[in-house]
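There are 4 protein chains.
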Amino acid sequence: MKAAVLGATGYTGMLLLRILSSHKDIKSIAAVSTSAVGKEIEIGDPGLFNNLDGKYISIDQLHNYNPDVIFSALPHLASLPFYQDFIGKAVIIDLSADLRYEKKSDFESAYGTAHSAPEYIGKAVFGLSEWYRDDVQGSDLIANPGCYPTCSLLPLLPLFKEGYAKGNISINALSGISGAGKKATINNLFVERSENCNAYNPGKKHRHQSEIQKELDKTGVESSILFTPHLIPIRRGMFVTTTVDLSKKAEDSDINNIYLDYYGKSPFIKINNDRIPETSHLWGSNRCDISWEICGSRIILFSAIDNLLKGASGQAVQNMNIRFGFDEVEGLRTWGDL
Amino acid sequence: MKAAVLGATGYTGMLLLRILSSHKDIKSIAAVSTSAVGKEIEIGDPGLFNNLDGKYISIDQLHNYNPDVIFSALPHLASLPFYQDFIGKAVIIDLSADLRYEKKSDFESAYGTAHSAPEYIGKAVFGLSEWYRDDVQGSDLIANPGCYPTCSLLPLLPLFKEGYAKGNISINALSGISGAGKKATINNLFVERSENCNAYNPGKKHRHQSEIQKELDKTGVESSILFTPHLIPIRRGMFVTTTVDLSKKAEDSDINNIYLDYYGKSPFIKINNDRIPETSHLWGSNRCDISWEICGSRIILFSAIDNLLKGASGQAVQNMNIRFGFDEVEGLRTWGDL
Amino acid sequence: MKAAVLGATGYTGMLLLRILSSHKDIKSIAAVSTSAVGKEIEIGDPGLFNNLDGKYISIDQLHNYNPDVIFSALPHLASLPFYQDFIGKAVIIDLSADLRYEKKSDFESAYGTAHSAPEYIGKAVFGLSEWYRDDVQGSDLIANPGCYPTCSLLPLLPLFKEGYAKGNISINALSGISGAGKKATINNLFVERSENCNAYNPGKKHRHQSEIQKELDKTGVESSILFTPHLIPIRRGMFVTTTVDLSKKAEDSDINNIYLDYYGKSPFIKINNDRIPETSHLWGSNRCDISWEICGSRIILFSAIDNLLKGASGQAVQNMNIRFGFDEVEGLRTWGDL
Amino acid sequence: MKAAVLGATGYTGMLLLRILSSHKDIKSIAAVSTSAVGKEIEIGDPGLFNNLDGKYISIDQLHNYNPDVIFSALPHLASLPFYQDFIGKAVIIDLSADLRYEKKSDFESAYGTAHSAPEYIGKAVFGLSEWYRDDVQGSDLIANPGCYPTCSLLPLLPLFKEGYAKGNISINALSGISGAGKKATINNLFVERSENCNAYNPGKKHRHQSEIQKELDKTGVESSILFTPHLIPIRRGMFVTTTVDLSKKAEDSDINNIYLDYYGKSPFIKINNDRIPETSHLWGSNRCDISWEICGSRIILFSAIDNLLKGASGQAVQNMNIRFGFDEVEGLRTWGDL
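Protein chains in written order, with our numbering: chain A, 35 to 372; chain D, 35 to 372; chain Y, 35 to 372; chain P, 35 to 372.
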């Protein structure tokens, strides 16, 4: 099978190249980049060696390549022009937010800009793998979720479905700096971020609040989340602490059973209430680890992912695996590196 | 004036030596340590140079030294045996939790152990400088607050006093690793903490939850906090994000006025709602920076301190300054290092 | 094939478990540990998930397991008692220094202690894979080299062999903190190591100086190295800068040809003089990247490895692959993670 | 006294503002910046609080301010246009390389560009405080040395003067990332630098090699240095390891006596051969710590500074103190922060 990666020189694109080059069902990879066309891939990306031949190609050259699957790791609203050329010819897995919303107005109010290809809105499946596995299997257009929504929704959705959560919910998220992408800004210099932390864009000011809320709303339960992201000095990793007023009394065993019920067969979801997750435990894996603490009438949920894997490139490949009927874990790891 | 530091080889003790050696009203410093008695201070603490003569002394030798003020940076329940020798002879500023509670049972339920000198409970003033300035001025026994309580209470108390907050409150705190002290444990090795983060001891499992709650309770407002501390890979610094259901409608200007009213003359409290604090902004200072975000009927409070300074040694010196009528900022900084 | 890992709870042991569990020629793994016997492996090592069943076993239980290959990641002189039980029954790959020297006196002068099993000295092959590939193929006792020797010798040996280097040589090495192992010490706490660096044990004071020197001496060229290791605040990674007085005039093309000649077919050695290596480029891989700078009559050599992989567990698996005729890169990566 | 800082929004400029605002002999400070004119200083630099009133001013406004001393923290060749306006009116301490060389050709060959104000070359004193104290006292134009030259020269010069060193010398230097300044580049992003290290610009490719060599040459001893700088993931700090072939036999006591002879009265030079320096020991201080290891006929020198202080802003203020007859340590610290 032939895969293409658009935006191959950014962090998520670079990771996609790494994963796909180790994937036994992928025979050929096209690395597409506007800035590096014609450059040897292993020179442009000095972390590679002996695993990817050839040069970065342009989007024009991609037409002759006839990819079976295209991963788009371009910035928001940058890949829309290319959809028309490839929709129907290849399975498209889009890591941007362009197609995550069902309504044009929801996208536009979150992103503060007009959507340039509204005709595709509502055509994609929201690729939160564990929740939309069946839809992913049947879709040629997959909108890969954001990192914060992935890590926030996985522990929350089963509690919503089972009637344990509603009303006001606080989501506090800690993210590694790679979430900001490979862009030259003073704010993300080593000197500015090391030995530093802060919240940013709380509540509506962060676009992911509405992406989380709209998925919770689909359960039919009324709720109002308040989402506060923070930057902490790690390259990769995400930790989310969610505080919920329980809508009914719960014991640890109730919660455990619910999670086992929903995720017991999911190869990347580790439920373990004996130990609060640590991002280092799953660094480099496609896992989401979940635990919780019941405090009287409230419950605190803990979830952790590698923001570049389960939060981006890893889940994208997981979706490809599901879509094409490959082993769900092929090319991905369930264990964290040291 | 003569000052003594008990526990001079731990992080808070080491910082006290640094601050006091630059303090113009302190003429002589005794560094007391059980593990290093007789060793040159500048050898035991290689960061010092040309600022502290002499050797570490024992607690016995301290009797002949006749200190005017004693800072105890010993572990919990370790300094009690010495109170009886020095209470009444010197002002004691205790950085442990031993005397922070008014009730023996509160201490014992938080710390899970019997209090070994219950006769002193209730005798100390709780040294949250901005709230107990008058009491500190008149006291010879000052219980320096914990780092998490300091950073959590400073933004919350004015809202409680002014009737904006009550009910369920979520406090999410991020702490640098120095909060765990200078103890050899695998859990705090560089390799374990770098590129890692996690919550730990949520709710009642952390002793500081009750220290925060009992101060809020003194305002007479009913509330129930849920406190979740996290470890992040910074040496120094603390960031607290608190989510509160507003008990009455508020505009930014209301909140701003309240904070200016309470803290406008406090040299270390920086109120600035134009920019969410970052711990690097106040690294090395005794500041607490505060901002907030109103989200409909809820408000998110942001506060940041240097956990070793305003959260420990700095506030201890601030309390000494208040107690002895020195300039409140003497020996301390209002600006953060780079 | 069945593999056993002694010292499975240390960093190199933990990495061996990870690599072996992904290795297609390994069907079963025994994790041997004295401290964790009977504990579920995936509980003792929370980074694992769905990749290793079962419990840690004791060395006694290992007898019934009949392993084909044993990796010993025990401290120096700790695995000797077990050699007698397993030599001849399994291939042993020892990551300690116990069998790296040909002479008892060399070991004892470097390690400052008597060797407890001198009968095995000289029986093992020194497992620097690229230099002793043939010997490794035929040996049942492989002494895996130290991290500093691996990274220092790979760029130096070809220059020695080809007559470009002799005399005084300065080796300056930078190591990540994981090189110190998973031991609770104040010196390696996050707070002590973050934002810190220093040289330690220069010259003869570091045991690896003699390990490097004895391999250079085998080339028959007279030389005297001066080795200075440094600790820098990274978890994994090693960078070595070696300054050599050239024994004859050299152009970049000469050096390039030599390296290609020696390493052109080695899958893990990346020769690239257009770009000085960075440890992040090969983080998580088993690579050694090499470049150089000719400065008149001197040459500076640059080499980088992941100290836990090519410097320990990765090279151990590479040696197993060579010994058993597996694909040399099986279970290992040639690309670095982000 | 009135001080002005040109380039007040870069890292060295920001530190100068901090130091000068705590300096008892400085009554007023002008923060000059092209990018921030008219902005409140405490808003532009959120680390400041209650220590600097007023706004950033332009270079034009500086004329009316009549400063007694001007610190220029501008990029190379950017401050020359202003010299003509202020030379003779204020003491100028220039932190750039513009006036560090005695010969135009030396500057131009190191910096690869024409010097735009050659008439000032040779007019400034090289402000390595401990070596040119008398010259600094009498000069109105002081060229503050580079960070690498400061840290390399302080241990080397006494050995040159006393006839212990000549010939080939290897200087290996490790620098914190702040040395690259506050410029938005991908190469210095947190994600690129954390968990990474590498050498860069070895030998003649780094401009500081010639700055070091020309000062060694002034001693009249023939030598040839080979300088290799490295980037390591710390914000601040520099560690230099220098390997020298001893020109005559030396004992530790000989070296110790030489250093005490040259530096025994210098408040910022800590000579301590019982412990190799660590950058964390002197973080935040203006110190240079020195130790050494004699290895037969060679000696390894270890030196460490805070690159932003003794390597830049701190030494600049030290030079001001010397020039104006203030206490040499005023505004600066001899102890390192934790």
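All C-beta atoms, glycine included, are put in the ideal place defined by N, C-alpha and C.
Small disclaimer: the values here were computed from a predicted structure and weren't measured.
query                                                                                                                            : result
Under 8 Å from the C-beta of Arg269/Y: neighbouring residues of chain D                                                          : Phe224, Val225, Ser228, Glu229
is_contact[Glu153/A, chain D] using C-beta, thresh 8 Å                                                                           : no
Own chain residues within Cβ distance below 8 Å of Lys138/D, not counting five before or after                                   : His149, Pro152, Ile155
Straight-line gap, Lys89/P to Ile93/A (C-alpha atoms, nearest Å)                                                                 : 49 Å
Neighbourhood of Asp169/P by C-beta distance below 6 Å, restricted to the same chain and skipping five residues each side        : Val159
Closer than 8 Å to chain A by CB, Leu208/D                                                                                       : yes
Span separating the alpha-carbon of Thr262/D from that of Trp326/Y                                                               : 51 Å
Local Cβ density within 10 Å of Thr147/A, reported as buried at 16 or more and exposed below that                                : exposed
For Phe358/D, three-class secondary structure by DSSP                                                                            : helix
C-alpha distance - Ser106/A paired with Leu190/A, whole-angstrom precision                                                       : 28 Å
Stretch-stretch touch, CB-based, cutoff 8 Å, three pairs: the region 336 to 345 of chain P with the region 173 to 193 of chain P : yes
N- and C-terminal bounds of the alpha helix (DSSP H) containing Glu226/A                                                         : 224 to 227
Backbone secondary structure at Arg332/D - three-state DSSP                                                                      : strand
DSSP three-state assignment for Asn341/Y, whether helix, strand or coil                                                          : coil
Integer Cβ distance of Ser281/Y from Lys195/Y, believed to fall under 8 Å                                                        : With a Cβ gap of about 12 Å, Ser281/Y and Lys195/Y do not count as contacting.
Residue-level contact to chain Y via CB, Asn202/P, 8 Å cutoff                                                                    : yes
Supposed close pair Phe224/P, Ser228/A - CB separation, criterion 8 Å                                                            : 7 Å
Status (buried if at least 16 other CB within 10 Å, exposed otherwise) for Arg321/D                                              : buried
Within chain D, partners of Pro189/P - CB distance below 9 Å                                                                     : Correct list: empty, because the minimum Cβ distance to chain D is about 16 Å.
Residues of the region 317 to 346 of chain D whose Cβ lies closer than 7 Å to any Cβ of chain A, in chain order                  : Trp317, Glu327, Cys329, Arg332, Ile334, Phe336
Span of the beta strand (DSSP E), counted from its first residue to its last, around Phe261/D                                    : 257 to 265
Contact belief for Ile333/P with Leu260/P at Cβ below 8 Å, rounded distance in angstroms                                         : With 8 Å as the limit, Ile333/P and Leu260/P do not qualify as a contact, their Cβ atoms being about 16 Å apart.
Opening and closing residue of the alpha helix (DSSP H) in which Ala346/D lies                                                   : Where Ala346/D is concerned, there is no enclosing alpha helix (DSSP H), given that its DSSP letter is neither H nor E.
DSSP beta-bridge partners of Asp323/D                                                                                            : Lys304/D, Ala338/D
The beta strand (DSSP E) enclosing Ala38/A, as first and last residue numbers                                                    : 36 to 40
Beta-carbon spacing of Gly330/P, His57/P below 8 Å                                                                               : no
Nearest-angstrom Cβ-Cβ length linking Leu342/Y and Leu372/A, presumed shorter than 8 Å                                           : 7 Å
Beta-carbon spacing of Ser374/Y, Leu265/Y below 8 Å                                                                              : With chain Y covering only 35 through 372, there is no way to say anything about residue 374/Y.
Reference Arg241/D; option with closest CA among Asn222/D, Gly180/D, Thr275/D                                                    : Gly180/D
Length of the line joining the Cα atoms of Ile324/D and Ser314/D                                                                 : 14 Å
Interface residues of the region 83 to 95 of chain Y facing chain A [CB-CB below 7 Å]                                            : Phe83, Asn84, Asn85
Through-space distance from Lys157/P to Lys123/P, alpha-carbon basis                                                             : 15 Å
C-alpha gap between Leu250/Y and Thr184/Y, whole angstroms                                                                       : 12 Å
Host alpha helix (DSSP H) of Ile292/A (start-end)                                                                                : 286 to 297
Contact belief for Val103/A with Val71/A at Cβ below 8 Å, rounded distance in angstroms                                          : Not quite, the Cβ-Cβ distance comes to about 21 Å (not below 8 Å), so this is no contact.
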